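In this note's numbering, the protein residues as written are -7 to 460. Ideal Cβ positions, reconstructed from N, Cα and C, are used throughout, including at glycine. Since this is a predicted model, take the numbers as computed values, not measurements.
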Amino acid sequence: MKMLINGKGINKEDKIDVINPFKNQIVGKVPLGDAKDAKDAINAAHKAKKSMEEMSSRKLSRILYDVHQELKEEHQEISKLITLETGKPIRDSKVEMDRSLQTLLMAAEESKRIHGETVPMDAAIAGKSVFGFTIKIPLGVVAAITPFNYPVNLAIHKIAPALAAKNTVVFKPSSKAPLAALKMAEIMDGHLPNGVVNVITGGGSVLGDEIVTSDLVNKISFTGSVPTGLSIARKAGMKKLTLELGGNDPLLVMDDADLDVAVAGAVGGSYLNAGQVCIAVKRIIVHEKVADEFITQLVSHTRKVKVGDPMDHETVMGPLIDENAAINVEQAVNKAIEDGAQLLCGGNRDGAFFDPTVLDHVEQDMELVQKETFGPISPVIRVKDLDEAIEVANSTPYGLQAGVFTSSIENAKRAVREIESGSVLINKQSTFRTDNMPFGGFKMSGMGKEGVKYAVEDMTRSKMVVIG
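Right under this line is the structure:
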């Protein structure tokens, strides 16, 4: 596949191999872009701003509906591409495409709802004889940088709101999973003026630095690691930033919880996409009174998770993105066991596969649960009461989402008030997300909010108009 700059496919002699993690085979190649390609994409987006500014909201909304329709027709093909390049089970890839289509529709609707407000000028001494109101105008050029784990949905969460707000886009997908995103962008480009959507592929250190430091880029929306996010924040200057930097999401199970529901949430949340989800359940904090019963059920359900060929519709969990990712998970698990955690099931690696794994007697200061372990692990931390559970939940540098299972409204209210995270979900695991809700964390989990309405708001600026 080719890069997309100013409406043209751009190829390069040097290529990046895209590897299927299940078969460890090349499933595609993309160009290895360089700094000049990044500059060309940025310049194209900058020149295309006028075409978007002059477009009516009605026409733009219609275009986004048309893009939705064509993407819907390519649903099966793009779902297959997602699975081939990421190892995600095909049934989850189809869910990703369903969500992506829904997100695009939301952006099409939101594009017609962007408006300012009247300002009561006569509330001030000098304002008695004037009228005032604000209008919303686009930022200009929005840069979107995404990881491998949700290659289409995360891209659409950035690109669709940017377009709805009449911005142009420079998009850099992950080199590990660029194929489905490129296909999606090609479809968008076919409905929009040249230069509105540009896609560059290549190394983050080269392309990313060019994007982040360019004076022509007005906003950066990034999803990825904390070190990269911090580097972007240091280099970006006066640009608007949305940084979604991952999480270490806790699931709290109190002694009054419905254990059947809590166990289902823990299993679904821990092993979704082999645990490679920023909002995956990464710590299970269980009241000691119900810990034994909860863990017995957790181990039983974990052993039933079907692991295998991601193209098999019965497969629940496929491989990690590559063998190095699986090795990192293996090392984190082994270190926790050396430090005193008890392995109850799983713990085995085969190439890029790592078994769904349950660990008991995990301590809150273990590296496994202090850092973001991006793999299919259910680490259980036992606590004596809600006070300790909240303390443990807040004991990491992250604060993206938290799930709390309890039948007590008082427990729920305390958890909502005291857990330091962008979302607290009562009787839902942390992987719960609708594409219209505000999404974004506290602390080292980042800054800003996604979710179509909230992203659109952050991709505009207010201009004040006063009439004397």
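From this set, the options, which residue's C-alpha is nearest residue i's C-alpha?
{"i": "Asn(-2)", "options": "Lys41, Ser387, Ile373, Ser292", "result": "Lys41"}
{"i": "His293", "options": "Gly261, Gly310, Val282", "result": "Gly261"}
{"i": "Leu(-4)", "options": "Val191, Leu199, Leu56, Asp6", "result": "Val191"}
{"i": "Gly443", "options": "Ile70, Ala154, Leu76", "result": "Ala154"}
{"i": "Gly339", "options": "Val350, Met98, Lys445", "result": "Val350"}
{"i": "Leu392", "options": "Ser53, Leu235, Ala317, Ile313", "result": "Leu235"}
{"i": "Tyr263", "options": "Lys(-6), His60, Val458, Gln421", "result": "Gln421"}
{"i": "Val396", "options": "Val198, Leu243, Glu62", "result": "Leu243"}
{"i": "Ala328", "options": "Val308, Pro371, Lys296", "result": "Pro371"}
{"i": "Thr215", "options": "Ala135, His305, Asp241", "result": "Ala135"}
{"i": "Val321", "options": "His60, Arg406, Val308, Pro348", "result": "Pro348"}
{"i": "Lys86", "options": "Asn386, Lys64, Met436", "result": "Lys64"}
{"i": "Pro389", "options": "His353, Gly433, Ala404, Asn403", "result": "Gly433"}
{"i": "Ala447", "options": "Asn35, Met(-7), Glu102", "result": "Glu102"}
{"i": "Lys164", "options": "Ala173, Ala157, Ala156", "result": "Ala173"}
{"i": "Pro302", "options": "Ile74, Gln68, Lys7, Val22", "result": "Ile74"}
{"i": "Met358", "options": "Arg406, Ile373, Gln61, Leu237", "result": "Ile373"}
{"i": "Cys270", "options": "Gly239, Asp247, Arg295", "result": "Gly239"}
{"i": "Ser399", "options": "Val253, Glu45, Glu46, Ile55", "result": "Val253"}
{"i": "Lys0", "options": "Leu97, Gly187, Ile127, Ile70", "result": "Gly187"}
Taking only three categories from DSSP, how would you classify residue i?
{"i": "Tyr142", "result": "coil"}
{"i": "Arg341", "result": "strand"}
{"i": "Lys39", "result": "helix"}
{"i": "Leu235", "result": "strand"}
{"i": "Lys363", "result": "coil"}
{"i": "Pro219", "result": "helix"}
{"i": "Gln393", "result": "strand"}
{"i": "Ile82", "result": "helix"}
{"i": "Lys104", "result": "coil"}
{"i": "Ile127", "result": "strand"}
{"i": "Gly132", "result": "coil"}
{"i": "Met113", "result": "helix"}
{"i": "Val59", "result": "helix"}
{"i": "Met98", "result": "helix"}
{"i": "Gly332", "result": "coil"}
{"i": "Gln356", "result": "coil"}
{"i": "Val457", "result": "strand"}
{"i": "Val204", "result": "helix"}
{"i": "Asn326", "result": "helix"}
{"i": "Ser53", "result": "helix"}
{"i": "Thr160", "result": "strand"}
{"i": "Ser525", "result": "Nothing about residue 525 can be read from this structure; the chain reaches only from -7 to 460."}
Compute every distance between the C-beta of residue i and the non-hydrogen atoms of the ligand ZN, then say whether any falls below 6 Å.
{"i": "Ala407", "result": "No copy of the ligand ZN appears in this structure; indeed no ligand is present at all."}
Whole angstroms is fine: what's the gap from residue i's alpha carbon to residue j's?
{"i": "Glu66", "j": "Leu251", "result": "40 Å"}
{"i": "Gly79", "j": "Ser166", "result": "14 Å"}
{"i": "Ala152", "j": "Val384", "result": "37 Å"}
{"i": "Tyr461", "j": "Ala169", "result": "Limits of the chain in this structure are -7 at one end and 460 at the other, which puts residue 461 out of reach."}
{"i": "Val218", "j": "Gly194", "result": "20 Å"}
{"i": "Glu88", "j": "Lys298", "result": "20 Å"}
{"i": "Asn12", "j": "Ile313", "result": "8 Å"}
{"i": "Asp427", "j": "Ile277", "result": "27 Å"}
{"i": "His353", "j": "Ile287", "result": "11 Å"}
{"i": "Leu52", "j": "Leu290", "result": "48 Å"}
{"i": "Leu417", "j": "Asp29", "result": "43 Å"}
{"i": "Lys15", "j": "Ala317", "result": "15 Å"}
{"i": "Ala249", "j": "Met456", "result": "51 Å"}
{"i": "Val273", "j": "Gly257", "result": "9 Å"}
{"i": "Val161", "j": "Asn145", "result": "16 Å"}
{"i": "Ile459", "j": "Arg105", "result": "24 Å"}
{"i": "Ala266", "j": "Gly124", "result": "53 Å"}
{"i": "Ile179", "j": "Ile82", "result": "22 Å"}
{"i": "Leu360", "j": "Val325", "result": "7 Å"}
Mind checking if residue i is an interface residue toward chain B, Cβ cutoff 7 Å exclusive?
{"i": "Thr452", "result": "In summary, chain B is missing from the structure at hand, where a single protein chain is found."}
| query | Which runs of the alpha helix (DSSP H), 4 residues or longer, sit entirely within the segment 407 to 455? | reply | 444 to 450
| message | Contact between the segment 222 to 231 and the segment 197 to 212 is defined here as three or more beta-carbon pairs at a separation below 8 Å; is this criterion met? | response | With a cut-off of 8 Å, the segment 197 to 212 and the segment 222 to 231 count as touching, because enough Cβ pairs lie within range.
| field | Sufficient close CB pairs (3 or more, under 8 Å) joining the segment 136 to 145 to the segment 109 to 117 | value | Between the segment 136 to 145 and the segment 109 to 117 there are fewer than three inter-stretch CB-CB distances shorter than 8 Å, so the stretches are not counted as touching.
| request: Mind listing, in chain order, the continuous beta strand (DSSP E) runs of no fewer than 3 residues lying wholly within the segment 253 to 299? | output: Assignment of beta strand (DSSP E) within the segment 253 to 299, counting only whole runs of 3 or more residues, yields 273 to 279 in chain order.
| query | Would you say the segment 85 to 104 touches the segment 396 to 413, given that touching needs at least three Cβ pairs under 8 Å? | reply | no
| Does the segment 438 to 455 touch the segment 277 to 290, meaning 3 or more C-beta pairs lie closer than 8 Å? | no
| query | Counting only runs that start and end within the segment 174 to 202, where is the beta strand (DSSP E) found for 3 or more residues in a row? | reply | 189 to 191
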